[in-house]
Every structure is written in C-alpha cells, then in structure tokens.
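Colleague:
Numbering (mature numbering (1 follows the signal peptide of the UniProt record, and there is no 0)), first residue to last: -27 to -1, 1 to 295.
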C-alpha cells in the first residue's frame, strides 16, 4: 500500500489541538460509529481516547462498539449492521478479518454509510480513507530491533495472531524480508495464537520448552507481546531470550526495565482514533481521499537504551509527558 503522509508524534500533538478541517464543524451533530477489533487492550483504549477528542471537537455523536476478542469477526459484522440500522452516517472501522468483514462493509456503503478504516484493512472498494501503521515497514523495524538485541546467531520464535488479520500478515512479511538480508538468522518458528495474553503466554512457553535454542521471541501486537514476555519471565529466561513486542503496555514496559523485553515497536493509536473520526467527518462533508494510499500515523522503536529519553517517554506514555 502506497504511503501518502507520515504524521510524527510531535506534529500530531500540535495538529490534534487545532481541530482544523476543510469542512469545519457541523451545526448538526454527525452520527458516527467506531467498530473496533476489541474493547479491552491499552491500544484500543488509546484509540477511543483519540476518537472521543475528535468527536468533542467536531460535534459528533460517537458510538464505540467492539467484540470481546480479536477473533470474533461475526460479532463485528453484526455490530456493523446494527450501526447502519440505528442511523450511523459513517463508520470508523478496524477489520478482524480482511475478507470476512468485507461483505458487511460493502452492505453498509451501499446503504449510504461512509467508511474510514483505521489500524487493520478490509477487502472492500467502498473504503473512503485508510489510516494507520505501515505494517510492512513496522515488520522491518521489528527485525531490525531483533538483530540489534544480540550479536550472535538468531533463532526466532514468532508469535503472530489470527491468519485473517491483514496487519499481522503484513508485519510478518516485512520481518521476513528484512531478516532474509542478514546471514545471522537461523530457524524461525512461527505460531498463530489467539490475540489474548493467556493463550500467547501458554503457547510461547510450550514453544520455548520444545525449542530451547530460541533466543529471540517476537509478539506482533499488544496481547501477544505481553503473553510472550510473561512466558520468558516465568521460565526465568530473561537475559537469555530477548523479547521484541508491539505497543505500549504497563507490563511490557516494566519487563523492559528488568531486562526481559529488549524493544517495543510503538504505534500511535490515539492518532488513529482522532484522525479516523476527523476523516469520517470530512468524507461526510464531501472531501475525497486516495483510497489506495495510507495516512501513516508513524511508528517508532523504543528500547531499554532510549526508553527514558523524552522521545521514548512520549511514545510509551503519550498522556503523561509534556
């Protein structure tokens, strides 16, 4: 997917406060529903905070819904149908399944609903704008962080989530492309687990017991990263096995300080939520975007070495730093 625009964290902090769009603020509230992949993780709570900030600024009646787990695309489809029936004018949507969510999104668009995708794409020509992480590049960043974590030969345990999720597969693509360039990479053992901490932890522990030669474990979203880090910690392998994870969670940040987690690939979920609602308003006002382009919300690597720097703290704790 072509990259249209990259928004750095500092620029977002300024831009999000101005609230300026070409269409301005509507006198009559817009009805917008955000259909998330989950409502439980810190990642999605940050998305919701950004979305609510934009809703307040742009006079939007915002309804936030999502399934309990990141595998339940059927509930997502039902929530899309409910939103249309209840008069949503636009959807801000993150797909659990690239293919299985597509018919529901197509049907919503046929009913006149505008579609803004954030975080995870869907196989639909009805999408008006796409906002989120360049996931192939994020996968490359993950590989770079894994290579930087140690100087010897790498044997990887890759903990990915649902096979139907577009962003997880793009991250794996980028990681494998980058690792293929190095002669220090040995075997890569791959697991696809539920996007749940407990499932990721237990299956990572099984993998590490079966393959004690693994010296780097990668978790490709917040729950898998937390679960992988817990597995390494509980097995007493901190310092022997490096963990590279995604997103900012209190537990992975704590385990970074103790030496279990080497690096986190930190996205900008607040910006995804904010820009998703803003772009939905723009679509309703008649603005058009290039649907093949991605509005990239920027991603950065935070390590044990830079986590206490100003930029590292802003990435890990965006609401606690000036």
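Here a beta-carbon is modelled for each residue, glycine too, at the ideal position from N, C-alpha and C.
Need the endpoints of the beta strand (DSSP E) that residue 35 sits in, please.
Modeller: Numbered from its first residue, the chain shown carries residue 35 at position 62. Start and end: 33 to 38.
Colleague: Considering only residues of the same chain and omitting the five flanking positions on each side of residue 203, which have a CB-CB separation below 6 Å?
Modeller: Position 230 of the chain shown, counted from the start, is the residue given in the question as residue 203. Excluding residues within five positions, the ones whose Cβ falls inside 6 Å are 174.
Colleague: Between 244, 119, 206, which lies nearest to residue 23 when the distance is taken from Cα to Cα?
Modeller: Translated into the one-based positions of the chain shown, residue 23 becomes position 50. When each option's Cα is compared against that of residue 23, the closest is 244.
Colleague: By Cβ distance below 6 Å, which residues in the same chain neighbour residue 248 in space, the five residues on each side in sequence not counted?
Modeller: Along the chain shown, read from residue 1 onward, the residue named residue 248 stands at position 275. 104.
Colleague: Is it a yes or a no for the stretch 116 to 124 touching the stretch 85 to 102, going by three-plus beta-carbon pairs under 8 Å?
Modeller: no
Colleague: Hey, out of 256, 34, 213, whose CA is closest to residue 124's CA?
Modeller: Taking the first residue of the chain shown as 1, we reach residue 124 at position 151. Among 256, 34, 213, the Cα nearest to that of residue 124 is on 213.
Colleague: Check whether the stretch 214 to 229 and the stretch 182 to 193 touch, using three or more Cβ-Cβ pairs below 8 Å as the test.
Modeller: yes
Colleague: Pull up the distance between the alpha-carbon of residue 112 and that of residue 197, whole angstroms please.
Modeller: By one-based count along the chain shown, residue 112 stands at place 139. By one-based count along the chain shown, residue 197 stands at place 224. Rounded to the nearest angstrom, the two C-alpha atoms are 15 Å apart.
Colleague: Could you check whether residue 187 and residue 129 sit closer than 8 Å to each other, using their CB atoms as the reference points?
Modeller: Position 156 of the chain shown holds residue 129. Position 214 of the chain shown holds residue 187. Inclusion of residue 129 and residue 187 in the CB contact set at 8 Å is warranted, their separation being smaller than that value.
Colleague: Starting from the Cα of residue 41, find the closest Cα among 133, 19, 168 and give me that residue.
Modeller: Stepping through the chain shown from its first residue, residue 41 is reached at position 68. Closest option to residue 41, Cα to Cα, is 168.
Colleague: With 16 as the cutoff for other CB atoms within 10 Å, does residue 109 come out buried or exposed?
Modeller: Along the chain shown, one-based indexing puts residue 109 at 136. That one is buried.
Colleague: Can you grab the Cα-Cα spacing for the pair residue 296 / residue 34, in whole Å?
Modeller: Lying outside -27 to 295, the shown extent of the chain, residue 296 is not represented and no answer is given.
Colleague: Residue 228 and residue 102 - do their beta-carbons sit closer together than 8 Å?
Modeller: As a first step, residue 102 must be located in the chain shown, where it is residue number 129. As a first step, residue 228 must be located in the chain shown, where it is residue number 255. No, these two residues do not count as a Cβ contact at 8 Å.
Colleague: Between which two residues does the beta strand (DSSP E) containing residue 239 stretch?
Modeller: Numbered from 1 along the chain shown, position 266 holds the residue referred to as residue 239. Where residue 239 is concerned, the enclosing beta strand (DSSP E) stretches over 234 to 239.
Colleague: So, with DSSP's three-state summary, where would you put residue 228?
Modeller: By 1-based counting over the chain shown, the position of residue 228 is 255. DSSP places residue 228 in helix when its eight states are reduced to three.
Colleague: By how many angstroms is the C-alpha of residue 274 removed from the C-alpha of residue 17?
Modeller: The count along the chain shown starts at 1 and reaches residue 17 at position 44. The count along the chain shown starts at 1 and reaches residue 274 at position 301. In a straight line, the C-alpha of residue 17 is about 20 Å away from that of residue 274.
Colleague: Using 8 Å as the threshold, is the C-beta distance between residue 89 and residue 253 below it?
Modeller: Taking the chain shown and counting its residues from 1, the one referred to as residue 89 is at position 116. Taking the chain shown and counting its residues from 1, the one referred to as residue 253 is at position 280. Cβ atoms of residue 89 and residue 253: closer than 8 Å.
Colleague: Leaving out five residues on either side along the sequence, give the residues of the same chain with a beta carbon under 6 Å from the beta carbon of residue 184.
Modeller: Here residue 184 refers to the residue found at position 211 of the chain shown. For residue 184, where only same-chain residues beyond five positions count, the Cβ hits under 6 Å are 162.
Colleague: Express the C-alpha separation of residue 62 and residue 51 in angstroms, rounding to a whole number.
Modeller: Taking the chain shown and counting its residues from 1, the one referred to as residue 51 is at position 78. Taking the chain shown and counting its residues from 1, the one referred to as residue 62 is at position 89. For residue 51 and residue 62, the distance between alpha carbons rounds to 17 Å.
Colleague: What residue does the alpha helix (DSSP H) around residue 176 start on, and which one ends it?
Modeller: In the chain shown, counting from the first residue as 1, residue 176 sits at position 203. Residues 170 to 183.
Colleague: Alpha carbon to alpha carbon, what distance is there between residue 152 and residue 178?
Modeller: Start at 1 with the first residue of the chain shown, and residue 178 comes out as number 205. Start at 1 with the first residue of the chain shown, and residue 152 comes out as number 179. Looking at the two C-alpha atoms, the distance is approximately 24 Å.
Colleague: Pull up the distance between the alpha-carbon of residue 36 and that of residue 6, whole angstroms please.
Modeller: For the purposes of this step, residue 36 is taken as the residue at position 63 of the chain shown. For the purposes of this step, residue 6 is taken as the residue at position 33 of the chain shown. Roughly 5 Å separates the two Cα atoms.
Colleague: Under the three-state reduction of DSSP, which class applies to residue 258: helix, strand or coil?
Modeller: Stepping through the chain shown from its first residue, residue 258 is reached at position 285. Three-state DSSP puts residue 258 in coil, outside helix and strand.
Colleague: From residue 14 to residue -1, what distance separates their C-alpha atoms?
Modeller: As a working mapping, residue 14 is identified with position 41 in the chain shown. As a working mapping, residue -1 is identified with position 27 in the chain shown. Residue 14 and residue -1: Cα-Cα distance of roughly 34 Å.
Colleague: Assuming residue 238 contacts residue 135 (C-beta within less than 8 Å), just tell me the rounded distance between them.
Modeller: As a working note, residue 238 is residue 265 in the chain shown. As a working note, residue 135 is residue 162 in the chain shown. Wrong, their Cβ atoms sit about 19 Å apart, outside the cutoff.
Colleague: Please state if the CB of residue 220 and the CB of residue 240 are separated by a distance shorter than 8 Å.
Modeller: Walking along the chain shown from the start, residue 240 turns up at place 267. Walking along the chain shown from the start, residue 220 turns up at place 247. Going by beta carbons, residue 240 and residue 220 fall inside the 8 Å limit.
Colleague: Contact defined as beta carbons within less than 8 Å: I believe residue 210 pairs with residue 181. What is the distance between those atoms, to the nearest angstrom?
Modeller: In the chain shown, counting from the first residue as 1, residue 210 sits at position 237. In the chain shown, counting from the first residue as 1, residue 181 sits at position 208. That pair is a contact at about 7 Å.
Colleague: Only counting the same chain, and skipping five residues up and downstream in sequence, which positions put a Cβ closer than 6 Å to that of residue 276?
Modeller: By one-based count along the chain shown, residue 276 stands at place 303. So the qualifying residues of the chain are 236.
Colleague: Identify whether residue 215 lies in helix, strand or coil by the three-state DSSP scheme.
Modeller: Counted from its first residue, the chain shown places residue 215 at position 242. The answer is strand: DSSP assigns residue 215 an E or B state.
Colleague: Expressed to the nearest angstrom, what Euclidean distance is found between the alpha-carbon atoms of residue -5 and residue 75?
Modeller: Stepping through the chain shown from its first residue, residue -5 is reached at position 23. Stepping through the chain shown from its first residue, residue 75 is reached at position 102. Per-residue confidence for residue -5 stands at a pLDDT of 49, beneath the threshold of 50, marking its modelled position as unreliable; no derived number is given.
Colleague: What whole-angstrom Cβ distance do residue 65 and residue 250 have, given they're in contact under 8 Å?
Modeller: Counting from one through the chain shown, the residue named residue 65 turns up at place 92. Counting from one through the chain shown, the residue named residue 250 turns up at place 277. With a Cβ gap of about 6 Å, residue 65 and residue 250 count as contacting.
Colleague: Helix, strand or coil: how does DSSP classify residue 105 here?
Modeller: Mapped onto the chain shown, residue 105 falls at position 132. Three-state result, residue 105: strand.
Colleague: Looking at residue 67: is its Cβ nearer than 8 Å to the Cβ of residue 26?
Modeller: As a first step, residue 67 is located in the chain shown; it is residue number 94 there, counting from the start. As a first step, residue 26 is located in the chain shown; it is residue number 53 there, counting from the start. Result no, Cβ atoms of residue 67 and residue 26 do not sit closer than 8 Å.
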